[in-house]
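According to the numbering used here, the sequence shown holds residues 21 to 479 in order.
Before any comments, here is the structure.
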Amino acid sequence: MIFYNSLLKKKDRFKPLKNDMIKMYVCGPTVYGPSHLGHAVTYIRFDFIRRFLEFLGYKVKFVMNITDIHDDILKKSRELKISPQKLADKYTEEFYKDLENLKIKKAFKYPRVSNHLKEIINLIKILVQKGYAYETSDGVYFDISKFKNYGKLSGIKIEQEISGTRVKTDKYEKEEVSDFALWKKENDEWLFNSPWGQGRPGWHIECSAMSIKYLGIPFDIHGGALDLIFPHHENEIAQSEAAYGKKFVNFFLNSGLLYINGQKMSKSLGNYIELRKFIQGKSELSQISFSDTNQHESLQAIARQKYPARFLRFFVFIHHYRSPIDFNEKNLQNAWETFFNLNEKIAKLKKVTTKQKDLQNLLKILEDDFNSPKFFAELYKLIENNKISLQDLKKLDKFLVFLLPWRKLTLNEKKLIYQREKLRKEKKFTLADKIRNELEKKFIYLQDLKNKTLIINLD
């Protein structure tokens, strides 16, 4: 297998550190609000990668963190007038439900910052003892000038004159390079004890402490969205390798970002769409404000349109995991038509034996940096030309998770289909069409063929 390694800025042959076991860590959510489509894209992409590796026979020890101590949580809790931990607990539970709704395979661990303060503090102690960190009146900071390889992931260069400047918050300005907070001494209502006084851990330190606790050092794969390369992943490397004197991670896999009508999706812009509301077709972009009225209306149309969660997995898959995705009306409509046609062709498949060579060629495509667009194009041809069996599609769907319906028809839905057939025979077409329209609201489509009615279940 060959993956693009962000550490090397090129493709590299992948080999697990230990036999057939792959240790994989992916940065998870900061739980101060509902998951949005940007989160969903990351979760789906790394779930596909994890499932594909398991399909090939590897055991994957998969860990995703949950940031439940963070300044953004405190800020939001003050607005809502509830405790920050209560807010974090609420959205942690919603996060688990969202993963379930997207059929994301459960991780080996979902470590929470609040349960790993001991490990975080111990790691900071090591960095202080080794001279890589220093204490000030407002916190403990990592001295990036002491770590010679700083910037090896992002390509950021340290300039001599900026040594000693510090970033107390976790927000960086574009190309800002500064010593970063490991522990922030605070003076508010949400504090935790440490050898340096009460406060909260910085954002970056948690991923080093928790990934190393569960996966060791080094481990095989670290995943996350492209915008985490700097400063988050860069700082993880620095503090981990400074503390333990070992390589932190062999491969960094970074996924492309989500754009809405050509703009990067951002909570600050208000152009984000909540995942659950999108699936329910109940999203409203009330916060968004554009001078271009047409663009605003286009975004509102996207937000209000209802799609099944299975389609969302498909939509993400047909874009390469490293490429950006532009969520706009045209792209969604094109993808929906392809998704419908795919399901229609699968429903029409005749019994056939798949050539093993065809299956092997498909898998080889994915073994080259998970090239999902090329894979799908070749798979579609096989389905269109009736050269792949339903049995083999079921096997492939173990890692694709969008080829086949997620639920069976209910007894009531079957009765409605039977009732419609009866009405058509009685030439009561208006009533028959009414039933068809009701079923389509549930993503069940009917095609009347010469000798039978084809049922296309997109849910």
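Glycine included, every Cβ here is placed at the ideal spot set by N, Cα and C.
In the same chain as residue 439, and ignoring 5 residues on each side of it, the C-beta atoms closer than 7 Å to its own belong to 455, in chain order. Boundaries for residue 99: no beta strand (DSSP E) harbours it, while the alpha helix (DSSP H) harbouring it runs 91-100, taken from the DSSP string. Relative to the Cα of residue 348, the nearest Cα in the group 337, 283 and 93 belongs to 283.
Exposure of residue 208 is indicated by the presence of fewer than 16 other C-beta atoms within 10 angstroms of its C-beta. Distance from the Cα of residue 222 is smallest, within the candidate group 246, 177, 255 and 389, for 255. Here residue 87 is buried: its Cβ has 16 or more other Cβ atoms, across all protein chains shown, within 10 Å. Of all C-beta pairs linking the segment 430-447 to the segment 455-469, three or more are shorter than 8 Å, placing the two stretches in contact. For residue 402, the enclosing alpha helix (DSSP H) begins and ends at 392-404. In the DSSP assignment, residue 336 falls within the unbroken alpha helix (DSSP H) covering 329-337. Residue 168 and residue 178 have their C-alpha atoms spaced approximately 10 Å apart.
Its Cα nearest to that of residue 352, the residue 333 stands out among 333, 341, 367 and 342.
Check the Cα spacing between residue 426 and each of 406, 462, 447 and 401: the tightest is with 462. Listed in chain order, the non-local C-beta contacts of residue 66 below 6 Å within the same chain comprise 46 and 243, local neighbours out to five positions each way being set aside.
With 16 or more other Cβ atoms inside 10 Å of its own Cβ, residue 285 counts as buried. Contact check for residue 52 against residue 131 fails: the beta carbons are separated by 8 Å or more. Burial state of residue 397 is exposed, judged by a 10 Å Cβ sphere holding fewer than 16 other Cβ atoms.
Annotated three-state conformation of residue 275 is strand, per DSSP. A Cβ-Cβ separation of about 17 Å leaves residue 58 out of contact with residue 85 under the 8 Å criterion. Ranked by how close their Cα comes to the Cα of residue 30, the residues 273, 381, 386 and 435 have 273 in first place.
For the 8 Å CB-CB criterion, residue 214 and residue 141 form a contact. With fewer than 16 other Cβ atoms from the protein chains shown falling within 10 Å of its own Cβ, residue 300 counts as exposed. Residue 205 sits close to residue 217, with the two beta carbons spaced by under 8 Å. In the structure shown, residue 116 adopts helical secondary structure according to DSSP, grouped into three states. Residue pairing for residue 294: DSSP places it in a beta bridge opposite 56. Residue 203 sits in a strand when the DSSP states are folded into three classes. For residue 79, the beta-bridge partners assigned by DSSP are 41. When DSSP states are grouped into helix, strand and coil, residue 166 belongs to the helix group.
The beta carbons of residue 239 and residue 25 sit no closer together than 8 Å.
In this structure residue 124 touches residue 63 by the C-beta definition: roughly 5 Å separates them, less than 8 Å. Residue range 254-264 is occupied by the alpha helix (DSSP H) that includes residue 256. If you check the CB distance, residue 79 and residue 118 do not come in under 8 Å. Contact annotation, residue 335 with residue 72: C-beta distance approximately 18 Å; criterion of less than 8 Å not satisfied. The three-state reading of DSSP puts residue 105 in helix, counting H, G and I together.
In this structure, the alpha-carbon of residue 360 lies about 15 Å from that of residue 326. In the DSSP assignment, residue 467 falls outside any alpha helix (DSSP H) and lies within the beta strand (DSSP E) extending over 464-468. In this model, residue 470 and residue 400 are separated by some 25 Å (Cα to Cα).
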